[in-house]
Amino acid sequence: MSAYRRPDVPSMVFLDASGTTIDYGNRWEGSPPDGTYSQAGNLERFAPLHLVADELIDYLLREYQVEAVETVSASGERTVELVPTNPDGARLTLRYADFPGVEIGAGLRKRVMLPWCGCDACDEPFEDCADALETWALGTAAGKFVEMIEHEGPHKGKPSVGYRMEGAGSGWQVVEADDAFEADAARLRGLPDGRWQSWPLRAEG
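Residue numbers (my numbering): -1 to 203.
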């Protein structure tokens, strides 16, 4: 199995009002100014996430037994769903958002939007978003993503869905226990050891 390598991305330099180079991720000392929460400047710094998504899709198709299903919305947004030949592997969806950014879908319910916010206050650097995109895509393929659905979750015993991803943390969310909830819970119970499996490698085919 070959190693994944992030594609080269264009170097971009952004200046603030004083002409100083903005060091995203280290812009603010202490709390950011109030007005920055409603501002989102230099969003083009996230555009290379689409290049990273392209490379991840190519890599996963090359290394794993997986099928790509591509759709395009009426507004022109592209979505690629990767479906492993092993039905016990979690599906991975990458939506190329116009923001620009990438929305990740993993398994049945987990969704991650990158950038997480994009406002000036959050001060997100491209590199952190690219790291997260790679962690989710490669981790899902490697079987490192765990999805949980509980009728009595950790939040006051309410129906909840949870996740755990190596390198990306974990969390829970209270949801409605509807028919879809029951179907998803049954799907997860049917997995080996109750968890998503790694995708089969091309070399194993």
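Glycine residues also receive a C-beta, built at the ideal position from the N, C-alpha and C atoms.
Q: Check whether the Cβ atoms of Leu54 and Ala166 sit closer than 8 Å, and answer yes or no.
A: One-based indexing of the sequence shown puts residue 54 at position 56. One-based indexing of the sequence shown puts residue 166 at position 168. For the 8 Å CB-CB criterion, Leu54 and Ala166 do not form a contact.
Q: State the Cα-Cα distance for the pair Leu90 and Phe143, rounded to the nearest angstrom.
A: Counted from its first residue, the sequence shown places residue 90 at position 92. Counted from its first residue, the sequence shown places residue 143 at position 145. Cα to Cα, Leu90 sits roughly 11 Å from Phe143.
Q | Start-to-end residues for the beta strand (DSSP E) that takes in Val173 | A | Reading the sequence shown from its first residue, position 175 is the one you call residue 173. Val173 -> no beta strand (DSSP E), and no H or E assigned at all.
Q. Taking C-alpha atoms, which residue in Glu61, Met146 and Pro5 lies nearest to Gly188?
A. Walking along the sequence shown from the start, residue 188 turns up at place 190. Per the Cα distances, Met146.
Q: Just grab the DSSP bridge partners of Phe143 for me.
A: What you label residue 143 is simply residue 145 of the sequence shown in a count that begins at 1. DSSP, once it has assigned bridges, lists Met163 as partnering Phe143.
Q | Sub-8 Å separation of Val7 and Thr19 beta-carbons | A | Looking up residue 7 in the sequence shown gives position 9. Looking up residue 19 in the sequence shown gives position 21. Contact flag unset, no.
Q | Straight-line gap, Leu59 to Ala184 (C-alpha atoms, nearest Å) | A | Translated into positions along the sequence shown, residue 59 becomes position 61. Translated into positions along the sequence shown, residue 184 becomes position 186. C-alpha separation (whole angstroms): 29 Å.
Q: Return the residue from the list Cys127, Leu80, Thr138 and Leu131 that minimises the CA-CA distance to Ala66.
A: The residue given as residue 66 occupies position 68 in the sequence shown. Just measuring C-alpha positions, the residue of Cys127, Leu80, Thr138 and Leu131 sitting nearest Ala66 is Leu80.
Q) Is the CB-CB distance between Ala38 and Leu92 below 8 Å? A) Mapped onto the sequence shown, residue 38 falls at position 40. Mapped onto the sequence shown, residue 92 falls at position 94. Between Ala38 and Leu92, the C-beta gap is not smaller than 8 Å, which leaves the two residues out of contact.
**Q.** Segments of 4+ residues assigned as alpha helix (DSSP H) that fall wholly inside the stretch 77 to 144
**A.** Fully enclosed alpha helix (DSSP H) runs of 4 or longer: 124 to 139.
Q | Bounding residues of the alpha helix (DSSP H) (the contiguous stretch that carries Ala72) | A | As a first step, residue 72 must be located in the sequence shown, where it is residue number 74. Element bounds for Ala72: n/a, residue is neither H nor E.
Q. Taking the alpha-carbon positions, what's the Ser196 to Arg3 distance?
A. Against the sequence shown, residue 196 aligns to sequence position 198. Against the sequence shown, residue 3 aligns to sequence position 5. Ser196 and Arg3 have their alpha carbons spaced roughly 20 Å apart.
Q) At what residues does the alpha helix (DSSP H) containing Ile55 begin and finish? A) Working through the sequence shown from its first residue, we reach residue 55 at position 57. Start and end: Leu47 to Glu61.
Q | Rounded straight-line distance, which links the Cα of Gly155 to that of Val70 | A | On the sequence shown, residue 70 is found 72 positions in, with the first residue counted as 1. On the sequence shown, residue 155 is found 157 positions in, with the first residue counted as 1. Between the alpha carbons of Val70 and Gly155 lies a distance of about 40 Å.
Q) When burial is assigned at 16 or more other CB atoms within 10 Å of the CB, is Gly116 buried or exposed? A) Position 118 of the sequence shown, counted from the first residue, corresponds to residue 116. Buried, by the Cβ-count rule.
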